[in-house]
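One structure is given below, encoded as structure tokens.
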Amino acid sequence: MKASHLALAMLLAAGPRMALADRVVPDEPAPTPPPASEAAGDNPLLEMDIEQLMHMELIQTTVPGAHWHWEDDWMVGYQFMRVQNEGYNVGTQRVSDQNVLRGGNYNNIHTSMTMDMHMLMAMYGPSDDVTLMVMVPYMDMTMNHLTRTGSSFQVKSQGFGDIRVAPIVSLFDEYPHRIQLEAGLSLPTGSVNKKDLTPTGFSQLEYKMQTGSGTVDLQPALTYLGQNEDLNWGAQARGTLRLGTNSAGYRQGNMIELTAWVSPKISDNFSPSLRIDALKWGNVVGRDVRLNPRANPESDPNLQGGEQINLLFGLNFAAGLDDQGRGHRFSIEGGLPIYQNLNGPQIREAWRLGGAWNWTF
Amino acid sequence: MELDVLKRILAIVLVGGVLAPLAWPASREYEIKAAFIYNFLRYIEWPSNKSAYTVGILGEDPFDGGLEQFQRKPLAGKTISVRAIKTAKEARGLDVVFISSTEADKLDGTLAALKGTPVLTISDLPSFVDHGGQIGFTAERNRIRFIVNTEALAAADLKASSNLLKLAILKGS
Numbered sequence: 004m005k006a007s008h009l010a011l012a013m014l015l016a017a018g019p020r021m022a023l024a025d026r027v028v029p030d031e032p033a034p035t036p037p038p039a040s041e042a043a044g045d046n047p048l049l050e051m052d053i054e055q056l057m058h059m060e061l062i063q064t065t066v067p068g069a070h071w072h073w074e075d076d077w078m079v080g081y082q083f084m085r086v087q088n089e090g091y092n093v094g095t096q097r098v099s100d101q102n103v104l105r106g107g108n109y110n111n112i113h114t115s116m117t118m119d120m121h122m123l124m125a126m127y128g129p130s131d132d133v134t135l136m137v138m139v140p141y142m143d144m145t146m147n148h149l150t151r152t153g154s155s156f157q158v159k160s161q162g163f164g165d166i167r168v169a170p171i172v173s174l175f176d177e178y179p180h181r182i183q184l185e186a187g188l189s190l191p192t193g194s195v196n197k198k199d200l201t202p203t204g205f206s207q208l209e210y211k212m213q214t215g216s217g218t219v220d221l222q223p224a225l226t227y228l229g230q231n232e233d234l235n236w237g238a239q240a241r242g243t244l245r246l247g248t249n250s251a252g253y254r255q256g257n258m259i260e261l262t263a264w265v266s267p268k269i270s271d272n273f274s275p276s277l278r279i280d281a282l283k284w285g286n287v288v289g290r291d292v293r294l295n296p297r298a299n300p301e302s303d304p305n306l307q308g309g310e311q312i313n314l315l316f317g318l319n320f321a322a323g324l325d326d327q328g329r330g331h332r333f334s335i336e337g338g339l340p341i342y343q344n345l346n347g348p349q350i351r352e353a354w355r356l357g358g359a360w361n362w363t364f
Numbered sequence: 016m017e018l019d020v021l022k023r024i025l026a027i028v029l030v031g032g033v034l035a036p037l038a039w040p041a042s043r044e045y046e047i048k049a050a051f052i053y054n055f056l057r058y059i060e061w062p063s064n065k066s067a068y069t070v071g072i073l074g075e076d077p078f079d080g081g082l083e084q085f086q087r088k089p090l091a092g093k094t095i096s097v098r099a100i101k102t103a104k105e106a107r108g109l110d111v112v113f114i115s116s117t118e119a120d121k122l123d124g125t126l127a128a129l130k131g132t133p134v135l136t137i138s139d140l141p142s143f144v145d146h147g148g149q150i151g152f153t154a155e156r157n158r159i160r161f162i163v164n165t166e167a168l169a170a171a172d173l174k175a176s177s178n179l180l181k182l183a184i185l186k187g188s
């Protein structure tokens, strides 16, 4: 906390009397303490002076995704997400594992894939109009295989993913609307060389099992946030544009994501949320020569793209928020795809579930 | 899933989002504004010494009765009475009048009717001070700010504390 911040906090703690001490209007009456018989339900803000009122947030959101921070605010947080994939799609149609295995003449297919992502994040507001963000993911993925002979095996990969940095800049801010631009940059700190033991030896793992893209990726996002006392709503468009080719000879497909949410505030500390999330992503461009596209669909660069719409329900909690919105926020959110159109055969998403905690101070 | 179903879901979310701010009153916003108004009584000097204050709300009450709490909180022994008024003429005998957004169409006439009288006019109507109002609320970065029209205050023979003015956005010379 800056010295100026600390001084302001001390000023606020001192209460109305200090701020009124040097008033110049000659007949200003001195503020009086509230009467002992103060009625229940009275507006407690009447005890504040103007300087304190000017720091009061109109909206105290409990929704962690609605992110920006005021000058000198810090936030640290942790997010977890599990995405479970099971079964295959060709386009919008479900296809059985056996049809994929026999019909595609593959050596093996994937019966399920579990992706766990742990993410540490930090945000800082150098001014009221700019928030800086850094996100460090750690990936832990498991894939179960079924071979043509009927045997099964499992491979795993773990490691840090691509670190993401982004300044978030306010473009428009007039209560209750806010529009902000996020100029995200994903750095290739994850791996594109993850290997594990398979029936044919210690082998390069499929594109989806790598913890990073291997390329510098631009991730711009435009977000509209609307908030009033009783509701938080908004929408976001986010793109991922891969630059160049990674050291393994390919680049992941570009991606666009559109999401919209609404979250009624049930109490100061709780709000559920409903979100709809639409994604479209491309095939891998180029190929990793260590992967045989005939081994399984996930090794084929042309079977990686698709479209998907998820419907997600969340519960958002806040604890110990002060009048300036600082404190702890917790959330859990889970959802199902309601539409999947995959360049397939491609393993399909079954469900996703996540949780987050963050602390603003 | 059929595309029609998806479109319907998306429509519900988006229409709900657009209509929601119209359907829910922002009472926290008006709790904060009420506290500002209570404070303005401390920082404004009227031409005649006051033994009590009278505050009126012209138009629909956005505070949902919240200003009536002033009546239980005298300032330095001076009582505050609050009442709803329907016309600018009724406001002429008051010390403070809050002009509700429902009075937007009549704003210029209201301010003209109060011109030259020592009545502190306050509103959150857009461009209120540009029309000659004295203190206008605005919102900036999720916080309430207030604009003081110093010329309009002087014309009404009202004086504002320098401590109030240094916190305000100033309009006028």
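From first to last, the protein sequence lines are chains W and F.
For the first sequence, the residue numbers in our numbering are 4 to 364.
For the second sequence, the residue numbers in our numbering are 16 to 188.
Beta carbons: idealized from backbone N, C-alpha and C, even for Gly.
Tell me the DSSP bridge mates of residue i?
i              : result
residue 86(W)  : 118(W) and 355(W)
residue 230(W) : 235(W)
residue 363(W) : 78(W) and 330(W)
residue 349(W) : 92(W)
residue 141(W) : 121(W) and 163(W)
residue 70(F)  : 97(F) and 111(F)
residue 158(W) : 146(W)
residue 72(W)  : In DSSP, residue 72(W) forms no bridge with anything.
residue 221(W) : 188(W) and 244(W)
Checking contacts by CB at 8 Å: is residue i closer than that to chain W?
i              : result
residue 173(F) : no
residue 159(F) : yes
residue 187(F) : no
residue 182(F) : yes
residue 81(F)  : yes
residue 44(F)  : yes
residue 41(F)  : For residue 41(F), the predicted structure reports a pLDDT of 41, less than 50, and the residue's modelled location is therefore unreliable. A value from the coordinates is still provided. Judged by the 8 Å Cβ criterion, residue 41(F) is in contact with chain W.
residue 88(F)  : yes
residue 169(F) : no
residue 54(F)  : yes
residue 179(F) : yes
residue 113(F) : no
residue 51(F)  : yes
residue 106(F) : no
residue 47(F)  : yes
residue 127(F) : no
residue 154(F) : yes
residue 149(F) : no
Could you check which residue in the options has the C-alpha nearest to that of residue i?
i              : options                           : result
residue 118(F) : 130(F), 143(F), 107(F) and 90(F)  : 143(F)
residue 167(F) : 58(F), 66(F), 137(F) and 158(F)   : 137(F)
residue 95(F)  : 106(F), 103(F), 101(F) and 82(F)  : 82(F)
residue 145(W) : 86(W), 129(W), 178(W) and 103(W)  : 86(W)
residue 189(W) : 313(W), 246(W) and 284(W)         : 246(W)
residue 284(W) : 335(W), 312(W) and 130(W)         : 312(W)
residue 268(W) : 260(W), 218(W) and 277(W)         : 277(W)
residue 78(F)  : 105(F), 186(F), 68(F) and 50(F)   : 50(F)
residue 230(W) : 97(W), 362(W) and 60(W)           : 60(W)
residue 75(W)  : 82(W), 328(W) and 259(W)          : 328(W)
residue 362(W) : 344(W), 244(W), 221(W) and 323(W) : 323(W)
residue 180(F) : 125(F), 59(F) and 98(F)           : 59(F)
residue 67(F)  : 48(F), 163(F) and 108(F)          : 108(F)
residue 152(W) : 105(W), 351(W) and 185(W)         : 105(W)
residue 89(W)  : 353(W), 325(W), 364(W) and 357(W) : 353(W)
residue 130(F) : 140(F), 57(F), 43(F) and 147(F)   : 147(F)
residue 239(W) : 56(W), 250(W), 183(W) and 57(W)   : 183(W)
Within the 8 Å Cβ cut-off, does residue i reach chain F?
i              : result
residue 344(W) : no
residue 91(W)  : no
residue 60(W)  : yes
residue 56(W)  : yes
residue 52(W)  : yes
residue 26(W)  : Unreliable positioning characterises residue 26(W) in this predicted model, as indicated by a pLDDT of 32, which lies under 50. The coordinate reading is nonetheless provided below. For residue 26(W), the answer is yes, since a Cβ of chain F falls inside 8 Å of its Cβ.
residue 178(W) : yes
residue 49(W)  : yes
residue 354(W) : no
residue 46(W)  : yes
The region 295 to 308 of chain W contacting the region 42 to 61 of chain W, beta-carbon criterion three pairs below 8 Å
No: the two stretches stay apart, fewer than three of their Cβ pairs being nearer than 8 Å.
Threshold first: 3 residues or longer. Then list the beta strand (DSSP E) segments lying entirely within the region 80 to 168 of chain F, N to C.
94 to 100, 111 to 114, 135 to 138, 150 to 155 and 158 to 164
Given 8 Å as the limit, is there contact between the region 98 to 118 of chain W and the region 163 to 170 of chain W, that is, 3 or more CB pairs closer than that?
Flag = no, the region 98 to 118 of chain W and the region 163 to 170 of chain W do not touch.
May I ask you to verify whether the region 84 to 92 of chain F touches the region 105 to 115 of chain F, counting CB pairs closer than 8 Å and requiring at least 3?
With a cut-off of 8 Å, the region 105 to 115 of chain F and the region 84 to 92 of chain F do not count as touching, because too few Cβ pairs lie within range.
Taking only runs of the beta strand (DSSP E) that begin and end inside the region 257 to 311 of chain W, which ones reach a length of at least 3 residues, in chain order?
258 to 267 and 273 to 284
Touch test, the region 202 to 213 of chain W against the region 225 to 244 of chain W, Cβ-Cβ under 8 Å, three pairs minimum
Cβ pair count under 8 Å is below three, so no.
Check whether the region 56 to 74 of chain F and the region 259 to 267 of chain W touch, using three or more Cβ-Cβ pairs below 8 Å as the test.
no
Count Cβ pairs between the region 123 to 138 of chain W and the region 191 to 209 of chain W that sit closer than 8 Å; are there 3 or more?
no
Do the region 78 to 94 of chain W and the region 122 to 132 of chain W make contact, defined as three or more Cβ pairs closer than 8 Å?
A contact exists between the region 78 to 94 of chain W and the region 122 to 132 of chain W.
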